[in-house]
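The structure under discussion appears below in the form of structure tokens.
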Amino acid sequence: MKIMHCPLNGPRNISEFTYGGQVLAMPDPERCSDREWSHYVFYADNTIGVVREWWQHTPSSYWFIAERHNGSDDILRTYDPGELFSAQGDLTEGGASP
Amino acid sequence: MPLGLLKYGRGDKYPYEQHADLPGPTQLRDHYDVVIIGGGGHGVATAYYLAKYHGITNVAVLEKAYLGGGNTARNTAVIRSNYLTPEGVRFYSASVKLYENLSNEFDFNIMYSQRGQLTLAHTDATVRAFRQRAEVNKHFRGRTELIDRQAIAELVPCLNLDPAELPVLAGLWHRDGATARHDAVAWGYARGATQRGVELHQLTEVTGIEQSQGRVTGVVTNRGRVNCGCVVQAVAGHSALLADKAGFALPLVAYPLQAMVTLPVKPFLNPLVSSSALHCYVQQTSRGEIVIGGGSDPYPLYQSRASLPLKESLIASAVDLFPFLSEMRLLRQWAGITDMTTDYSPIMGLSPLENYYLDAGWGTWGFKATPICGQTMAQLVASGGQVPDLIAPFALERFDRFQQVNEMGATAASH
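Residue numbers (numbering that gives the first Met the number 0), protein chains in the order written: chain A, 0 to 97; chain B, 0 to 414.
As structure tokens, this is what we get:
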């Protein structure tokens with residue numbers, strides 16, 4: 000079986016993980032237009048290349064980020080979301096540290 | 000068909016020999032009124048109806064590989080209209096009606112076989128959803144009803160009614176459910192279209208879309224560029240990639256969908272059987288092979304490779320439904336790339352470019368819509384962009400209006 004490297008639990012079978020969508024910067028829901036919000040909800044990068052995605056290790060409910068090539072299925076890197084987001088629960092553009 | 004049969008009976012030659020094949024490759028012309036990108040069922044059906052009903056024959060269908068070699072060849076050939084929303088049921092019923100007469104219309108056998116489709120409910124919630132689907136379907140004159148365990152046992156005597164600790168509670172019996180030979184559908188449309196003057200260019204890949212002031216002016220291919228009056232894109236799993244070349248994004252995610260067939264055996268299974276709880280559907284083709292299909296892969300991928308875990312789970316569910324299938328041998332397996340929308344309905348109609356029309360978002364439900372898609376897309380093109388009522392709910396802009404057409408319950412894993 001395909002193996003994914005979980006930043007918390009180490010290498011595990013891919014069947015232990017749940018895909019959670021792409022990592023996208025959330026616009027401020029109070030201020031953005033309907034169109035900006037619909038783009039955040041329904042659109043993602045769907046061309047072939049490396050994408051940044053949310054994944055969960057299902058048995059331990061641990062969410063992390065994986066960089067994966069959506070054409071070759073190579074998982075290039077997995078890491079704790081703390082690397083990208085400064086505060087827990089803050090997914091807005093300001094919340095993501097560069 | 001009857002006339003063709005009579006001629007065949009009275010003649011001394013096999014009647015289709017001289018025109019069974021499509022016209023050979025020709026040079027691309029400088030200009031086409033309509034360029035259809037994608038030579039699958041939807042693309043050639045659109046070309047066929049453009050030529051047949053609207054007299055538009057300066058049409059090129061550009062196919063990067065060969066006719067009907069993409070998802071037209073990879074789907075599991077299920078035709079049904081027992082959807083959930085009025086918009087969906089109306090649209091797919093029109094397709095089923097067209098399918099019923101397609102062999103006659105083509106004078107070419109698509110092996111259409113109306114055997115009914117049976118979907119199994121294993122939970123109370125599913126029974127309630129089925130009741131709603133049955134009522135919506137009846138309202139649109141579809142033949143769909145809720146049946147009990149005894150009726151299911153009579154319909155499919157070899158079915159295990161208590162699979163995997165999930166006893167079957169009821170079934171949604173859709174008499175209009177059918178199957179057909181998917182390749183023949185593409186061939187029939189392609190033959191009809193080319194006989195009327197449409198050009199089918201295989202091994203012709205579109206590499207760029209030329210535009211000026213919000214209008215498409217031409218397409219660039221690996222065989223040179225052509226000017227065009229308008230473009231229709233019908234490229235299934237690669238819809239988002241082509242739209243990207245045209246300069247806009249589509250709300251689609253590409254997932255692989257896997258299926259397989261066993262060695263052929265004597266006929267034992269007449270209806271098409273699917274189970275939403277087991278994420279599996281099983282049917283026997285006219286050749287005797289058992290087709291096993293199910294849900295998409297668990298995460299997005301642009302690759303039509305097979306994966307063992309998904310095949311294993313599909314086979315396990317199929318064996319739960321029909322235990323004796325464990326004795327069968329697999330003949331072949333494959334995957335296709337499906338372009339999924341969040342509401343499990345297609346994206347049809349206008350695009351951000353004025354003369355560029357969309358036929359995308361067909362995910363796992365494209366084959367059954369082939370005839371009505373061709374007819375409505377042809378209407379859209381011929382009228383210069385007036386969207387037919389039947390496809391108006393499937394517009395791309397529905398996502399910006401938050402007006403989705405939710406068919407998830409009627410589509411996911413129950414093709």
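Glycine included, each C-beta is placed from N, C-alpha and C at the ideal position.
Between which residues of its own chain and residue 192 of chain B is the CB-CB distance below 6 Å, once the five residues before and five after are set aside? 43, 46, 47 and 50
To the nearest whole angstrom, what separates the beta carbons of residue 172 of chain B and residue 153 of chain B, a pair I think is in contact under 8 Å? Not really, about 11 Å apart at Cβ, beyond 8 Å.
For a contact defined as C-beta to C-beta under 7 Å, what are the partners of residue 72 of chain A on chain B? 300 and 302
Could you list which residues in chain A have their beta carbon closer than 7 Å to that of residue 341 of chain B, in chain order? 41
Got a sec? Which residues, its chain only, sit under 6 Å from residue 82 of chain B by beta carbon, not counting five neighbours each side? 88, 91, 406 and 409
For residue 416 of chain B, name the three-state secondary structure that DSSP assigns. Here chain B comprises residues numbered 0 to 414, so residue 416 of chain B is not present and cannot be evaluated.
For a contact defined as C-beta to C-beta under 7 Å, what are the partners of residue 357 of chain B on chain A? Under the 7 Å cutoff, chain A gives no residues; its nearest Cβ is about 15 Å from residue 357 of chain B.
Delimiting residues of the beta strand (DSSP E) encompassing residue 55 of chain A: 49–56
Determine, using beta carbons only, whether residue 3 of chain A comes closer than 8 Å to chain B. no
Per DSSP, what are the beta-bridge partners of residue 347 of chain B in this structure? B:358
Cβ-based contacts, 7 Å cut-off: residues of the region 387–403 of chain B near chain A: 398, 399 and 401
If we count the other Cβ atoms within 10 Å of its Cβ and call it buried at 16 or more, is residue 116 of chain B buried or exposed? buried
From the beta carbon of residue 37 of chain A, is the nearest beta carbon of chain B less than 8 Å away? yes
Please list the segments of the beta strand (DSSP E) lying wholly inside the region 142–179 of chain B, counting only runs of 3 or more residues, in order along the chain. 143–146 and 169–173
Could you name the residues of the region 225–253 of chain B whose beta carbon sits closer than 8 Å to any beta carbon of chain A, in the order they occur along the chain? 239, 240, 243, 248, 249, 250, 251, 252 and 253
Under a three-way DSSP split, which group does residue 407 of chain B fall into? helix
When you compare only the Cα positions, how much space is there between residue 110 of chain B and residue 99 of chain B? 10 Å
From B:388, B:400, B:299 and B:165, pick the residue whose C-alpha is nearest to that of residue 275 of chain B; which is it? B:165
Below 8 Å between beta carbons: does that hold for residue 301 of chain B and residue 47 of chain A? yes
Uninterrupted alpha helix (DSSP H) stretches inside the region 58–85 of chain B (no shorter than 4 residues): 70–73
For residue 33 of chain A, would you say it is in contact with chain B, using Cβ-to-Cβ distances shorter than 8 Å as the test? yes
So, are the CB atoms of residue 76 of chain B and residue 178 of chain B less than 8 Å apart? yes
Please report whether the beta-carbon of residue 64 of chain A lies at a distance below 8 Å from any beta-carbon of chain B. no
Round the Cβ separation of residue 58 of chain B and residue 197 of chain B to the nearest angstrom and send it over; I've been treating them as touching at under 8 Å. 5 Å
So, under 8 Å CB-CB, residue 262 of chain B and residue 330 of chain B are touching, yes? Tell me the CB distance rounded to an integer number of Å. 5 Å
Closer than 9 Å by beta-carbon distance: list the chain A residues that pair up with residue 308 of chain B, in chain order. 0, 1, 12, 13 and 14
Just the chain A side, please: which residues come within less than 9 Å of residue 297 of chain B by C-beta, in chain order? 13, 14, 16, 17 and 18
Check whether chain B comes within 8 Å of residue 45 of chain A, counting only Cβ atoms and requiring the distance to be less than that. yes
What's the call for residue 16 of chain B, buried or exposed, on a 16-neighbour Cβ count within 10 Å? Because residue 16 of chain B carries a pLDDT of 49, less than 50, the predicted location of this residue cannot be relied on, and no value is offered for it.
Closest to residue 156 of chain B by C-alpha separation, out of B:182, B:270, B:236 and B:53, would be which residue? B:270
Can you tell me whether residue 63 of chain A is buried or exposed, with buried defined as 16 or more other CB within 10 angstroms of its CB? buried
Backbone CA spacing between residue 122 of chain B and residue 150 of chain B [nearest angstrom]: 18 Å
Would you kindly report the start and end of the unbroken alpha helix (DSSP H) that includes residue 103 of chain B? 101–105
Nearest residue (CA-CA) to residue 189 of chain B, options B:9, B:326 and B:62: B:62
Alpha carbons only, please: which of B:203, B:37 and B:38 is nearest the one belonging to residue 27 of chain B? B:203
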